[in-house]
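Asker: For the sequence shown, this note's numbering assigns the number 2 to the initial residue and increments by one for each residue that follows.
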Amino acid sequence: MTYVVTDNCIACKYTDCVEVCPVDCFYEGENMLVIHPDECIDCGVCEPECPADAIRPDTEPDMEKWVEFNRKYSEAWPVIITKKDPLPEAEERDGEAGKLDKYFSENPGEGG
2 MTYVVTDNCI
12 ACKYTDCVEV
22 CPVDCFYEGE
32 NMLVIHPDEC
42 IDCGVCEPEC
52 PADAIRPDTE
62 PDMEKWVEFN
72 RKYSEAWPVI
82 ITKKDPLPEA
92 EERDGEAGKL
102 DKYFSENPGE
112 GG
């Protein structure tokens, strides 16, 4: 099992999760985070820290696409281990449907 970040992180990018991760397996894109599924140790401490409820275990239905999505971008984006401010529109976009098609950016974040 692993944990993955889903589309509810897009356009929010809360980083509460990165501070509690014991193995630093979060990677930062321009407007979301991902978890490297091979680095995650399945401890689950990140899941309750996410204000947007965007972190899910891969054992839930239809998570295969998110495992591959997280793998792809964690190999392209820089690691993030320090909490940062969420994106300015985070509260407004939290829970919005269709964020992957509307807002997702493949661009890397700053990391850190």
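Positions of the beta carbon are idealized from the N, C-alpha and C atoms, including for glycine.
Does glycine 102 pass the burial test, meaning 16 or more other C-beta atoms within 10 Å, or should it be called exposed?
Answerer: With the sequence shown as reference, residue 102 is identified as aspartate, and glycine is not the correct amino acid for it. The residue in question, aspartate 102, is exposed, as its Cβ has fewer than 16 Cβ neighbours within 10 Å.
Asker: Please return the same chain residues whose Cβ sits closer than 6 angstroms to the Cβ of histidine 37, not counting the five positions on each side in sequence.
Answerer: Counting only Cβ-Cβ distances below 6 angstroms, and skipping sequence neighbours, we find Cys26 and Ser75.
Asker: Mapping the DSSP letters down to three states, classify leucine 101 as helix, strand or coil.
Answerer: Leucine 101: helix per DSSP, three-state reduction.
Asker: Consult DSSP for glutamate 50 and reduce its assignment to one of helix, strand or coil.
Answerer: In the structure shown, glutamate 50 sits in a helix (DSSP, three-state: H, G or I).
Asker: Would you list the residues sitting across from valine 35 in a DSSP beta bridge?
Answerer: Looking at the DSSP assignment, valine 35 forms a beta bridge with Tyr28.
Asker: In this structure, does DSSP put lysine 4 in helix, strand or coil?
Answerer: Note that residue 4 is tyrosine in the sequence shown, not lysine. Strand.
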